[in-house]
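Visitor: After the structure tokens below, expect a handful of questions from me.
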């Protein structure tokens, strides 16, 4: 297959962003025995609801990654302060450049350049700089995307969406968020499936597409 990506890197600004943005696609890639890495750049300790342990997202991202089938050694956790990524732009870029050097992925999945969240935008911009010679797709987060070009689709089966939902449920500290909702997640996957002629799908913006 011409575009048979074997090593895939997911960039999640915060724990759970990768799952919400492309959890079904991750489940499919793992099922297909592709080498999937997940790098998340903040445990968002400053945003943990009162009464919960400050490191609860560390526990939750490990559980979620295990559900999706990501190898423990392929989960890479950084500890930048939430909502302040722009203050650490150069350090983040250096971490991303090191990931490029160490992993040399065939495909990178990261937030859309049209994502309004300041941390997501920083990861997107620095990710493009670090991986400018790599194929890059931007995953969808409708609550943050002021614009989104649905130019690429990944066909999914019900089992992949079920895995995504199971992984999202690991984030019990985030259950109050409107997008952490089974009906919404499944409905969005059905909508994207209709757009590309299948039952379920996830959509991505094409940021860089390199055929080697």
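Numbering (the working numbering), first residue to last: 24 to 235.
Every residue gets a Cβ at the ideal spot worked out from N, C-alpha and C, and that includes glycine.
Keep in mind that this is a model prediction, so the values were computed, not measured.
1) Mind checking which residues open and close the beta strand (DSSP E) that includes residue 226?
2) What are the complete beta strand (DSSP E) segments, minimum 3 residues, inside the segment 113 to 179?
3) Could you give the first and the last residue of the continuous alpha helix (DSSP H) run that contains residue 216?
4) Evaluate the contact criterion for the segment 117 to 124 versus the segment 138 to 154: three or more CB pairs, one atom per stretch, below 8 Å.
5) Taking the Cβ atom as the reference point for each residue, do residue 131 and residue 159 lie within a distance shorter than 7 Å?
6) So what does DSSP say about residue 74, is it helix, strand or coil?
7) With 16 as the cutoff for other CB atoms within 10 Å, does residue 24 come out buried or exposed?
8) What first and last residue would you give for the alpha helix (DSSP H) that runs through residue 80?
9) From the DSSP output, which residues share a beta bridge with residue 30?
10) According to the neighbour-count rule (16 or more other Cβ atoms, all chains shown, within 10 Å of its Cβ), is residue 93 buried or exposed?
11) Put residue 199 into one of helix, strand or coil per three-state DSSP.
12) Less than 7 Å between the beta carbons of residue 61 and residue 31, yes or no?
13) Are the beta-carbon atoms belonging to residue 179 and residue 47 less than 7 Å from one another?
14) Select from 83, 74, 53 and 73 the residue whose C-alpha is nearest the C-alpha of residue 191.
Guide: Short version:
1) The residue you call residue 226 lines up with position 203 of the chain shown. That run of the beta strand (DSSP E) goes 223 to 231.
2) The qualifying runs are 130 to 134, 158 to 162 and 175 to 179.
3) Translated into the one-based positions of the chain shown, residue 216 becomes position 193. Where residue 216 is concerned, the enclosing alpha helix (DSSP H) stretches over 205 to 219.
4) yes
5) For this step, residue 131 is matched to residue 108 along the chain shown. For this step, residue 159 is matched to residue 136 along the chain shown. Yes, the pair counts as a contact, with Cβ atoms nearer than the cut-off.
6) Position 51 of the chain shown, counted from the start, is the residue given in the question as residue 74. Residue 74: coil per DSSP, three-state reduction.
7) Position 1 of the chain shown holds residue 24. Unreliable placement is indicated for residue 24, whose pLDDT of 41 sits below 50; the coordinate value is still reported in the next sentence. Residue 24 should be labelled exposed.
8) Taking the chain shown and counting its residues from 1, the one referred to as residue 80 is at position 57. Its alpha helix (DSSP H) spans residues 79 to 91.
9) Position 7 of the chain shown holds residue 30. For residue 30, which the question treats as bridged, DSSP gives the partners 58.
10) Here residue 93 corresponds to residue number 70 of the chain shown, with the count starting at 1. Buried is the call here.
11) If you number the chain shown from 1, residue 199 lands on position 176. Coil, per DSSP.
12) Within the chain shown, the letter at position 38 stands for residue 61. Within the chain shown, the letter at position 8 stands for residue 31. No, Cβ-Cβ distance for residue 61 and residue 31 is not below 7 Å.
13) Within the chain shown, numbered from 1, the residue matching residue 179 stands at position 156. Within the chain shown, numbered from 1, the residue matching residue 47 stands at position 24. Taking 7 Å as the cut-off, the beta carbon of residue 179 is found closer than this to the beta carbon of residue 47.
14) Within the chain shown, the letter at position 168 stands for residue 191. That would be 83, whose Cα lies nearest to the Cα of residue 191.
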